[in-house]
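Data block below; observations after.
Numbering (the numbering used here), first residue to last: 130 to 439.
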């Protein structure tokens, strides 16, 4: 099997329930791309004059933007992205629990154990592991996941393992625990890759901060409820029906220009993981009112919005 490495980082308040908006980015790449990614991080550090560069440093440097975009667009490099607006994850938990009685689900509890990640992080990890496990198995990979420096990586590891185990209930993902593993904190050359994952997370956050309103307005404010639990089946499109199709630029048309008001996503969206059924590129999001959804991209001027059921 081909081996993938996944490096994850986040931007925004680590206490997601109190965040004004946060992004999480994962760069998934074949092992033989490690040196390329590490070299790119070193070049960006020189261009920005900051070894521990952040998104704001790359935003304002057109050469650094170009380096970042070119590397993300390399064959063998893929990305996963998630964004939540304001206190969206807290609202999402409330919406999930409101629907629990209808569907006979177990309600989500409260954050009450120092041995567990906050409920909002656990919820995110559930979505992420489903997408990453699917990508890994469909393409015949094995994946080792690493995260940038955090003091709760043991708790994250337990949450990841729990959600990978849950993935096995899907007939497509019965081998998930054999091919996806959380390896812990980044080390060595992967520190540089974590800086790049942080730039990805920052760009996702900025994209939704600038452009989210044109997505939120298409979501049903009352949420989506169905006759049976939409997450009880294994056809993913059933749980996230299409609500809008847009024929307009996805984001800013000049992703290379140094500016705080222009994101780079228009230049690298082709590297997001594909939906296993529609084969379109995906970005996951949660709006300010706890509505989850998918941005499903065909190309830079044709994209769709899916709203996930409560």
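C-beta atoms are modelled at their ideal positions from N, C-alpha and C, and glycine is treated no differently.
Point to revise | Span of the beta strand (DSSP E), counted from its first residue to its last, around residue 312 | key: 309 to 314
Review point. If residue 289 and residue 274 are in contact, beta carbons under 8 Å, what's the gap, nearest whole angstrom?
Key: 7 Å
Review point. Hey, how far is the Cα of residue 423 from the Cα of residue 160?
Key: 29 Å
Point to revise | Chain-order list of residues whose beta-carbon lies under 6 Å from that of residue 272 (same chain, five-residue window excluded) | key: 133, 135, 265 and 309
Check your understanding: Looking at C-alpha atoms only, which residue of 372, 340 and 352 is the closest neighbour of residue 395?
Key -> 340
Check your understanding: Going by Cα to Cα distance, which pick from 151, 211, 225 and 138 is closest to residue 401?
Key -> 211
Check your understanding: Near residue 311, which residues of its chain fall below 6 Å by C-beta distance, leaving aside the five closest residues on each side in sequence?
Key -> 274, 286 and 289
Review point. Helix, strand or coil: which one does DSSP assign to residue 210?
Key: strand
Exercise for review: Give the DSSP-derived three-state secondary structure of residue 303 in the structure shown.
Suggested key: coil
Review point. Is residue 336 closer than 7 Å to residue 392 when the C-beta atoms are compared?
Key: yes
Check your understanding: Exposed or buried, which one is residue 317 when buried takes at least 16 other CB atoms within 10 Å?
Key -> exposed
Review point. How should residue 382 be labelled, buried or exposed, when 16 other C-beta atoms within 10 angstroms of its C-beta is the threshold for buried?
Key: exposed
Exercise for review: Output the residue ranges of the alpha helix (DSSP H) runs that lie fully inside the segment 220 to 291 and measure 4 residues or longer, sorted by chain position.
Suggested key: 248 to 267
Exercise for review: Report yes or no: do three or more beta-carbon pairs, one from the segment 312 to 331 and one from the segment 196 to 207, lie closer than 8 Å?
Suggested key: yes
Check your understanding: Looking at the unbroken alpha helix (DSSP H) that takes in residue 428, where does it start and where does it end?
Key -> Residue 428 -> not in any alpha helix (DSSP H); beta strand (DSSP E) instead, spanning 421 to 428.
Review point. Between residue 104 and residue 225, which are expected to be in contact by the criterion C-beta below 8 Å, what is the C-beta distance as a whole number of angstroms?
Key: Because the chain here runs from 130 to 439, residue 104 falls outside it and cannot be looked at.
**Study point:** Check whether residue 353 and residue 436 have beta carbons under 7 Å apart
**Key:** yes
Check your understanding: Among 277, 343 and 305, which one has its Cα closest to the Cα of residue 154?
Key -> 277
Point to revise | Distance CB(residue 376)-CB(residue 411) smaller than 7 Å | key: no
Check your understanding: Under the rule that 16 or more other beta-carbon atoms within 10 Å means buried, what is residue 218, buried or exposed?
Key -> buried
Check your understanding: Under a three-way DSSP split, which group does residue 389 fall into?
Key -> coil
Check your understanding: In or out: residue 349 buried (at least 16 other Cβ within 10 Å) or exposed?
Key -> exposed
Review point. By Cβ distance below 8 Å, which residues in the same chain neighbour residue 235 in space, the five residues on each side in sequence not counted?
Key: 229
**Study point:** Rounded Cβ spacing between residue 187 and residue 177 (contact assumed at less than 8 Å)
**Key:** 7 Å
Practice item. Return helix, strand or coil for residue 131, following the three-state DSSP convention. Key: strand
**Study point:** Span of the beta strand (DSSP E), counted from its first residue to its last, around residue 157
**Key:** 150 to 159
Exercise for review: Sort 405, 256, 384 and 418 by Cα distance to residue 189 and report the nearest one.
Suggested key: 384
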